[in-house]
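Undergrad:
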Ligand SMILES: Nc1ncnc2c1ncn2[C@@H]1O[C@H](COP(=O)(O)OP(=O)(O)OP(=O)(O)O)[C@@H](O)[C@H]1O
Ligand SMILES: Nc1ncnc2c1ncn2[C@@H]1O[C@H](COP(=O)(O)OP(=O)(O)OP(=O)(O)O)[C@@H](O)[C@H]1O
Ligand SMILES: [Mg+2]
Ligand SMILES: [Mg+2]
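Chains as they are written, first to last, in the working numbering: chain A, 77 to 302; chain U, 77 to 302.
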C-alpha cells in the first residue's frame, strides 16, 4: 500500500544542514496496524507528515497505492489527503472559530456529504469519543484531552483507508486512552491501515508491528501481536 | 503554604451554568510533592490555573503563604506569578517569535537578572533538558517533546518556591520523561513545593501524595512514597 525508498529529510538552519530522516526504507501493507516509537526529536512527526502528503521529502521516493507522490499535482494530493487519509495531529490543529460539531463535520463538508447525513455521522463519532455534552463548545473552552478527542473524531469521520495518528492518547487518562484504542482496533478490523506514533509502550503493543526511529534511521521492533 | 477552602469554579455557557470545581478543600504544605490525577475534562487544569493565580475562582477562598488571593491587587498577583511560581502549561505556551534561548531567559528578564548571569542560567537549564543543540531554533521548528522541554526549562529557571506542572511529560518518551522527573525530584530536595498533573501512573507515583479529581470533587489517594 505504502512504500518509502531511501527517504531523506533535512532542513537548512542558518549555515548548517540538519538531517532529520537519514535514508529510510519503510513499507506498510494494506490493513496493517503499525506503531512508531522513538525518542523525542527523533523524526517521527516529520516521517508522518511525509506519509500524509503534508510535507515533501528532500530525497528518495514515496509510493502510495502504486502511485509516485513526487509525480502528483496539487489537485491529486488534495484528493488523497481528503479522501484516503485521516490525520490526528500531535498539536490537534482544531479551528478555533468553529464549534466541536463544526470542526468534526468539516471533512464531510469537503466531501460534499448531504447535510443530514453529515450531522448524523458527526454526532455519532462525537458520542463515541465521549463528547456529546460539548458539541457547541469552542476549542478554547475544552480541556487538553477533550481537544485531542475532537481531533480524533475529525480524523476518522471520513472513514479513511489510512489513519495516521500522532500521539493520539498523549493528553488522555488511562480509561479514555483505552476507549480511543478500542476505536482504532475497530477501524482496523474494518480493513483500514493504521500508523500510530506513541510514547506509551502499552498503547504501542496494541499494534501488529512496531518500528523504531533512532537518529533518523528506522528499525523493526518485536511486536507483541505480530 | 497553600490553602483552598470551599472553592467553586463555574462557567456560563449559553443559558447553562457548568460547575467545573464543586466545593473543593485543598491544602498543600511547604516542600510537599503532590500528584493530581483524574479523567480528561475533570477540572485539573482549571484547578491549577487558580492555584497559579492565572484565574479566579467563582467562589470560596484561596490563601497562599498566609495571604488571601482575593484581596490582592494586580501588582501583587504579578509579583507572585513571576517570583514565587513556575508554571509548565499543558499547551506549552511558548512565544513563537522568540528562540528557545530567548523563551527560557524571559522570566529572568522580568526578574532583572544581569545579562551574563541570565544567559549562563538559561544555557545550563537548556542543557539539563537536553536541548543545547536547539538554542537558536524557534518553537515551530521543534518537535512536540522539544517544545514541552522548553516550557519546563522556562518554568524552573527562576527557581520558584512552587512549581506547577500540567502534564509535564505528556509528549515525552520514557527516557526523556524520567530525566524530567529526576529534575523535579532534585528541585523537591532543594525544598520547593511541587504540584504535578499527570495521566501517567508511574510518573504520579514519584510524588509523596496523590489527589484525585472526579466530577469536580477532590479525593485523597494512596501514595506510594508517603
Ligand atoms: N522547520 C524545521 N526546521 C528545522 N528543524 C526542524 C523543523 N521541524 C522539525 N525540525 C527538527 O526535526 C527533528 C524531528 O522533529 P519531529 O517533530 O519529527 O520529532 P518527533 O520524533 O515527532 O518528536 P516528539 O516525540 O518530541 O514529538 C527535531 O529535532 C526538530 O528540531
Ligand atoms: N472557558 C471555558 N468555558 C466553558 N467551559 C470550560 C472552559 N474552560 C474549560 N471548560 C470546561 O471545564 C472542564 C474541565 O477542563 P480542564 O481543562 O480543567 O480539564 P482537565 O482535567 O485538565 O482535562 P485534561 O486531562 O483533558 O487536560 C472541561 O469539561 C471543559 O470543557
Ligand atoms: Mg512528534
Ligand atoms: Mg488539562
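Even glycine gets a Cβ: it sits at the ideal position worked out from N, Cα and C.
Keep in mind that this is a model prediction, so the values were computed, not measured.
Does the distance between the C-beta of residue 173/A and the nearest non-hydrogen atom of ligand 2 fall short of 7 Å?
TA: Against the first chain, residue 173/A aligns to sequence position 97. It does not: the Cβ of residue 173/A is nowhere closer than 7 Å to a heavy atom of ligand 2.
Undergrad: Can you tell which of 197/U, 161/U, 191/U, 129/U has the C-alpha that lies nearest to the C-alpha of residue 269/U?
TA: Along the second chain, one-based indexing puts residue 269/U at 193. Minimum Cα distance to residue 269/U is reached at 161/U.
Undergrad: Going by other Cβ atoms of all chains shown within 10 Å of its Cβ, with 16 needed for buried, is residue 80/U buried or exposed?
TA: As a working note, residue 80/U is residue 4 in the second chain. Counting Cβ neighbours within 10 Å, residue 80/U comes out buried, since at least 16 surround it.
Undergrad: So, is residue 231/U buried or exposed, given that buried needs 16 or more other C-beta atoms within 10 angstroms?
TA: For this step, residue 231/U is matched to residue 155 along the second chain. Residue 231/U should be labelled buried.
Undergrad: Spatial neighbours of residue 135/A within its chain, please: CB distance less than 6 Å, with the 5 preceding and 5 following residues excluded, ordered by chain position.
TA: As a first step, residue 135/A must be located in the first chain, where it is residue number 59. Scanning its chain for C-beta atoms nearer than 6 Å, with the 5 sequence neighbours on each side dropped, one finds around residue 135/A the residues 84, in chain order.
Undergrad: Near residue 82/A, what residues of its chain come up, given a Cβ to Cβ distance below 8 Å and the 5 sequence neighbours on each side ignored?
TA: Numbered from 1 along the first chain, position 6 holds the residue referred to as residue 82/A. Once the five neighbours on either side are set aside, the close Cβ partners of residue 82/A are 99, 100, 101, 135, 136, 137.
Undergrad: What are the start and end residues of the beta strand (DSSP E) that includes residue 99/A?
TA: Counting from one through the first chain, the residue named residue 99/A turns up at place 23. Residues 92-104.
Undergrad: In chain A, what lies closer than 8 Å to residue 213/U by C-beta?
TA: Counting from 1 along the second chain, the entry for residue 213/U is found at position 137. Per Cβ cutoff of 8 Å: 89.
Undergrad: According to DSSP, what are the bridge partners of residue 162/U?
TA: Sequence index remark: in the second chain, residue 162/U carries index 86 (1-based). Answer is 239/U, bridged to residue 162/U.
Undergrad: Would you kindly work out how many angstroms separate the C-alpha atoms of residue 109/U and residue 93/U, rounded to a whole number?
TA: Start at 1 with the first residue of the second chain, and residue 109/U comes out as number 33. Start at 1 with the first residue of the second chain, and residue 93/U comes out as number 17. Approximately 33 Å, taken between the alpha carbons.
Undergrad: Closest Cβ-Cβ distance between residue 169/U and chain A: below 8 Å?
TA: Looking up residue 169/U in the second chain gives position 93. Answer no: the Cβ-Cβ gap between residue 169/U and chain A never drops below 8 Å.
Undergrad: What separation, rounded to the nearest whole angstrom, lies between the Cα atoms of residue 228/A and residue 177/U?
TA: Stepping through the first chain from its first residue, residue 228/A is reached at position 152. Stepping through the second chain from its first residue, residue 177/U is reached at position 101. Put simply, the backbone Cα of residue 228/A is about 33 Å away from that of residue 177/U.
Undergrad: Taking 8 Å as the CB-CB cut-off, is residue 257/A touching chain U?
TA: Mapped onto the first chain, residue 257/A falls at position 181. So no, residue 257/A is outside the interface.
Undergrad: I need the DSSP call for residue 82/A, collapsed to helix, strand or coil.
TA: By 1-based counting over the first chain, the position of residue 82/A is 6. DSSP places residue 82/A in strand when its eight states are reduced to three.
Undergrad: Secondary structure at residue 156/U, three-state DSSP: helix, strand or coil?
TA: The sequence position of residue 156/U within the second chain is 80, counting from 1. Helix at residue 156/U.
Undergrad: Along chain A, in chain order, which residues have C-beta atoms closer than 7 Å to that of residue 221/U?
TA: Taking the first residue of the second chain as 1, we reach residue 221/U at position 145. Residues of chain A passing the Cβ test: 116, 117.
Undergrad: Does chain U have any CB closer than 8 Å to the CB of residue 302/A?
TA: Sequence index remark: in the first chain, residue 302/A carries index 226 (1-based). Its pLDDT being 47, under 50, residue 302/A is placed unreliably by the model, and nothing is read from it.
Undergrad: I'd like to confirm something about residue 220/A: is its beta-carbon nearer than 7 Å to some heavy atom of ligand 4, or not?
TA: Within the first chain, numbered from 1, the residue matching residue 220/A stands at position 144. True, at least one ligand heavy atom lies under 7 Å from that Cβ.
Undergrad: Identify the contact partners of residue 248/A in chain U, using a Cβ-Cβ distance below 7 Å as the criterion.
TA: Counted from its first residue, the first chain places residue 248/A at position 172. Those within 7 Å of residue 248/A in chain U are 116, 275.
Undergrad: Quick one: which chain U residues come within Cβ less than 9 Å of residue 121/A?
TA: Locating residue 121/A in the first chain gives position 45, where the first residue counts as 1. Under the 9 Å cutoff, chain U gives 219, 220.
Undergrad: Does residue 252/A come within less than 8 Å of chain U when only Cβ atoms are used?
TA: By one-based count along the first chain, residue 252/A stands at place 176. So, interface residue.
Undergrad: Which bits of chain U does residue 166/A rub up against, with CB to CB less than 8 Å?
TA: Walking along the first chain from the start, residue 166/A turns up at place 90. Chain U residues near residue 166/A: 220, 247.
Undergrad: Residue range of the beta strand (DSSP E) that residue 295/U falls in?
TA: Stepping through the second chain from its first residue, residue 295/U is reached at position 219. Unbroken beta strand (DSSP E) run through residue 295/U: 293-296.
Undergrad: When you compare the region 103-119 of chain U with the region 279-295 of chain U, are there three or more beta-carbon pairs, one atom per stretch, that lie closer than 8 Å?
TA: Short answer: they touch.
Undergrad: Does DSSP put residue 290/A in a helix, a strand or coil?
TA: Counting from 1 along the first chain, the entry for residue 290/A is found at position 214. DSSP places residue 290/A in strand when its eight states are reduced to three.
Undergrad: Measure the CB-CB distance between residue 240/U and residue 128/U and report whether it falls below 8 Å.
TA: The residue labelled residue 240/U in the question sits at position 164 within the second chain. The residue labelled residue 128/U in the question sits at position 52 within the second chain. Yes, the Cβ-Cβ distance between residue 240/U and residue 128/U is below 8 Å.
Undergrad: Closer than 7 Å by C-beta to residue 302/U: which residues in its own chain qualify, once you throw out the five before and the five after it? Chain order, please.
TA: For this step, residue 302/U is matched to residue 226 along the second chain. With a pLDDT of 47 at residue 302/U, under the threshold of 50, the modelled position of that residue is not reliable, and no figure is offered here.
Undergrad: Along the chain, which unbroken stretches of the beta strand (DSSP E) at least 3 residues long are found entirely within the region 205-249 of chain A?
TA: 238-242
Undergrad: With 8 Å as the C-beta to C-beta threshold (strictly closer), list the residues of the region 81-111 of chain U near chain A in chain order.
TA: 87, 89, 90
Undergrad: Buried or exposed: residue 190/U, going by 16 or more other Cβ atoms within 10 Å of its Cβ?
TA: Mapped onto the second chain, residue 190/U falls at position 114. Counting Cβ neighbours within 10 Å, residue 190/U comes out exposed, since fewer than 16 surround it.
Undergrad: Checking 8 Å against the spacing of the C-beta atoms, do residue 164/A and residue 244/A come in under that value?
TA: Locating residue 164/A in the first chain gives position 88, counting from the first residue. Locating residue 244/A in the first chain gives position 168, counting from the first residue. Result yes, Cβ atoms of residue 164/A and residue 244/A sit closer than 8 Å.
Undergrad: Identify whether residue 199/U lies in helix, strand or coil by the three-state DSSP scheme.
TA: As a first step, residue 199/U must be located in the second chain, where it is residue number 123. It is helical.
Undergrad: Can you find a C-beta in chain D that's less than 8 Å from the C-beta of residue 137/U?
TA: Looking for chain D here will not work: the only protein chains present are A and U.
Undergrad: Quick one: what's got a C-beta closer than 8 Å to residue 256/A's C-beta in the same chain, skipping five residues either side?
TA: Here residue 256/A is taken as the residue at index 180 of the first chain, counted from 1. The residues 205, 225, 228, 244, 245, 248, in chain order, have a CB closer than 8 Å to that of residue 256/A in the same chain once the five nearest residues on each side in sequence are set aside.
Undergrad: At a CB distance below 9 Å, what residues from the region 259-274 of chain U approach chain A? Give them in sequence order.
TA: none
Undergrad: Is it the case that the CB of residue 120/U approaches a heavy atom of ligand 4 more closely than 7 Å?
TA: Counting from one through the second chain, the residue named residue 120/U turns up at place 44. Yes, since a heavy atom of ligand 4 falls inside the 7 Å radius drawn around the Cβ of residue 120/U.
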